[in-house]
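The numbering of the sequence shown is our numbering, which starts it at 7 and goes up by one.
Working notes, beginning with the structure itself.
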Amino acid sequence: MTAHGPVVPIRTCAGCGAPWPCRTRRQELRAEYDQAPMSLALYLGACLVAASQDMGWAPAGLLHRRFLGWLP
Numbered sequence: 007m008t009a010h011g012p013v014v015p016i017r018t019c020a021g022c023g024a025p026w027p028c029r030t031r032r033q034e035l036r037a038e039y040d041q042a043p044m045s046l047a048l049y050l051g052a053c054l055v056a057a058s059q060d061m062g063w064a065p066a067g068l069l070h071r072r073f074l075g076w077l078p
């Protein structure tokens with residue numbers, strides 16, 4: 007279990023206060039989904055949809071970069 011989970015509804019990191027997924031959580035997710043990159047993309051896509059519903063004020067491009075833009 008990670009200490010770097012999202013604080014809903016603004017999706018900040020519970021562990022470090024950075025926008026979630028923070029650098030640490032990204033590293034954890036890469037390791038956790040090492041053999042399943044498509045599953046990671048689907049998981050983060052679902053997180054993006056939830057965040058966009060909670061954070062309707064945030065620009066869509068910003069949320070996309072935050073949740074999916076760091077994937078290879």
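Idealized CB from N, CA, C, for every residue including glycine.
Because the structure is a prediction, the values reported are computed rather than measured.
Self-check item: CB of Leu-74 within 9 Å of CB of Leu-50, strictly
Solution: Locating residue 74 in the sequence shown gives position 68, where the first residue counts as 1. Locating residue 50 in the sequence shown gives position 44, where the first residue counts as 1. Against a cut-off of 9 Å, the Cβ pair of Leu-50 and Leu-74 comes out as a contact.
Self-check item: Buried or exposed (CB count within 10 angstroms, at least 16 for buried), His-10
Solution: Taking the first residue of the sequence shown as 1, we reach residue 10 at position 4. Buried.
Exercise. Following the continuous alpha helix (DSSP H) through Cys-53, name the residue where it begins and the one where it ends.
Key: Position 47 of the sequence shown, counted from the start, is the residue given in the question as residue 53. Segment 43–60, the alpha helix (DSSP H) holding Cys-53.
Exercise. Return helix, strand or coil for Thr-30, following the three-state DSSP convention.
Key: The residue labelled residue 30 in the question sits at position 24 within the sequence shown. If DSSP states are grouped into helix, strand and coil, Thr-30 belongs with the helices.
Quiz item: Which stretch, first to last residue, makes up the alpha helix (DSSP H) that contains Leu-77?
Solution: Within the sequence shown, the letter at position 71 stands for residue 77. Segment: none, Leu-77 is in no alpha helix (DSSP H) and carries neither H nor E.
Quiz item: Once you ignore the five residues that flank Thr-30 on each side, which residues in its own chain have a CB closer than 6 Å to its CB?
Solution: Here residue 30 refers to the residue found at position 24 when the sequence shown is read from its first residue. Correct list, in chain order: His-10.
Quiz item: Which residues in the same chain as Cys-22 place their Cβ atom closer than 7 Å to its Cβ, once the five residues preceding and following it in sequence are excluded?
Solution: Residue mapping note: residue 22 aligns to position 16 of the sequence shown, counting from 1. Excluding positions up to five away in sequence, the list reads His-10, Cys-28, Thr-30.
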